[in-house]
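Going left to right, the sequence shown walks through residues 2 to 368 as our numbering numbers them. Backbone N, C-alpha and C define an ideal beta-carbon position, used for all residues, glycine too. None of the values given here were measured: they were computed from a predicted structure.
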Amino acid sequence: STGRYFYVVGRDGRISLIDLWTKEPSLVAEVKPCIDARSVDASKYKGGHEGGFFSNLFGGGESKVTADFSDKLAIIGCYWPPHFAVVDGLTLEPKKLVRTAGYTYDTNEYLPEVRVASIVASHFDPLWVVSLKESGYVALVDYSDVDNLEVTMIESERFLHDGGWDSTKRYFLVAANMRDTVSVIDVKEKKLVTNIKTGKKPHPGRGANWIDPVYGPVWATTHIGEGRMSVIGTDPENHPKSAWKVVRDIKLKGRTGGLFVKTHPNSPWVWTDAPLNSDSDEIRSICVLSKVKGEMEKCFQATDHGRIVHFEYNKAGDEVWVSVWDKEGELLIYDDKTMELKKKITGDWLVTPTGKFNVNNTRDDVY
């Protein structure tokens, strides 16, 4: 949360802590709280507001927590064993393991294996938002007293996967991809707002936020199962008629297999991939949406090998970094305004590169 330390999660269950402020980035600590890990996030609540940010911004109850938890703790979500781990944010010393086995929200069927999918950290309260995949609950984990964790379980939809914040960071939108649904959680009120039907198998990554010229603030996801971008209104205060509805269904002809969508507040574009498509041309191409027009501006082939996957902006929002997922991998850097290639990074160390994370954008959840 300070931007100094970077947490790396491996699917082998290993978490590495890297100090970015040393002369050369250096490994500080490692821990392996599970065999198969999915997600990691730090504690981002900075404290210092007697009433809490949400109380001041939106009104409502008072917050008693004023301590600064920046980088004090981290949470790791595991596929196996089915639990999440809380560790010291600076040493990775284990603090707490919480098993996630439980009952499904709809049929009350007991599931001994409930995997942890996406996790985000609130900036305004000492909370982690944890998606429990098979049971259909979103868990709000209050870490203000790590010895006595308070966990609020919110019924949402089953088979939760990736998700991210809306532009205010009050609402968490998460894809239940096997139910063709996006669930909306009001983290301030600690409740489900609604479940929104989308296309087949939504997969947003963190999703993308921007201001639509007609519908105001929106959040978007692409889909694995169909060539479609669902754009959802996210402003119940100033745009109540479009809030929590699919306001634009943008057809992406032939573009099934989408995994990530990304934008930046300073960009006029939204970038999309399709690495799980069955067509060799589509998996190597990029399609870019115009925020103003609400339609695709340009699609182009970006590589002659591998698969295009995942986008990340620089802090200024004028560069986009793209991965070529291949044994002979590459990082492609585009000028966001012109969509022209500025630089290509290659090397034998680039084996199947996937996620890329700008320090500023990751710390502040800019997407």
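Using DSSP with H/G/I as helix, E/B as strand and the rest coil, what is residue i?
{"i": "E283", "result": "helix"}
{"i": "R15", "result": "coil"}
{"i": "R364", "result": "helix"}
{"i": "R180", "result": "helix"}
{"i": "D319", "result": "coil"}
{"i": "N210", "result": "strand"}
{"i": "N149", "result": "helix"}
{"i": "H265", "result": "coil"}
{"i": "P203", "result": "strand"}
Which first and last residues belong to the beta strand (DSSP E) in which residue i is found?
{"i": "N359", "result": "From DSSP, N359 is part of no beta strand (DSSP E); its letter is neither H nor E."}
{"i": "L141", "result": "Y138 to D143"}
{"i": "G217", "result": "G217 to T222"}
{"i": "R100", "result": "P95 to R100"}
{"i": "M297", "result": "E296 to Q302"}
{"i": "L174", "result": "Y172 to A177"}
{"i": "D107", "result": "Unbroken run through D107: none, as it is neither H nor E."}
{"i": "V115", "result": "Per DSSP, V115 belongs to no beta strand (DSSP E) and is neither H nor E."}
{"i": "R159", "result": "Run containing R159: none; DSSP gives neither H nor E here."}
{"i": "S132", "result": "L128 to L133"}
{"i": "G234", "result": "R229 to G234"}
{"i": "K345", "result": "L342 to I346"}
Can you give the Cα-Cα distance for residue i and residue j, rounded to whole angstroms?
{"i": "F173", "j": "L161", "result": "12 Å"}
{"i": "A122", "j": "A176", "result": "17 Å"}
{"i": "H240", "j": "K246", "result": "11 Å"}
{"i": "N359", "j": "K316", "result": "7 Å"}
{"i": "S2", "j": "L18", "result": "13 Å"}
{"i": "P269", "j": "E158", "result": "33 Å"}
{"i": "A30", "j": "F312", "result": "28 Å"}
{"i": "V1", "j": "K96", "result": "The question about residue 1 has no answer, for the chain in this structure spans 2 to 368."}
{"i": "S168", "j": "K73", "result": "25 Å"}
{"i": "H84", "j": "T339", "result": "45 Å"}
{"i": "S279", "j": "G258", "result": "8 Å"}
{"i": "V99", "j": "V147", "result": "11 Å"}
{"i": "I233", "j": "K343", "result": "32 Å"}
{"i": "E331", "j": "D274", "result": "15 Å"}
{"i": "M179", "j": "G295", "result": "27 Å"}
{"i": "G208", "j": "T92", "result": "31 Å"}
{"i": "V194", "j": "V185", "result": "5 Å"}
Count the other CB atoms within 10 Å of the CB of residue i; is the residue buried (16 or more) or exposed (fewer)?
{"i": "T355", "result": "exposed"}
{"i": "G206", "result": "buried"}
{"i": "Y144", "result": "buried"}
{"i": "P266", "result": "exposed"}
{"i": "E51", "result": "Confidence at E51 is low in this model, with a pLDDT of 46, below 50, so its placement is unreliable and no value can be given for it."}
{"i": "H204", "result": "buried"}
{"i": "F70", "result": "buried"}
{"i": "Y111", "result": "exposed"}
{"i": "W374", "result": "Given a span of 2 to 368 for the chain in the structure shown, any question on residue 374 remains unanswerable."}
{"i": "V215", "result": "exposed"}
{"i": "W129", "result": "buried"}
{"i": "K242", "result": "exposed"}
Report back the beta-carbon spacing between residue i and residue j to the nearest angstrom; my notes put them in contact at under 8 Å.
{"i": "I251", "j": "K192", "result": "I251 to K192, Cβ: 30 Å. No contact."}
{"i": "A43", "j": "A75", "result": "5 Å"}
{"i": "S286", "j": "I309", "result": "7 Å"}
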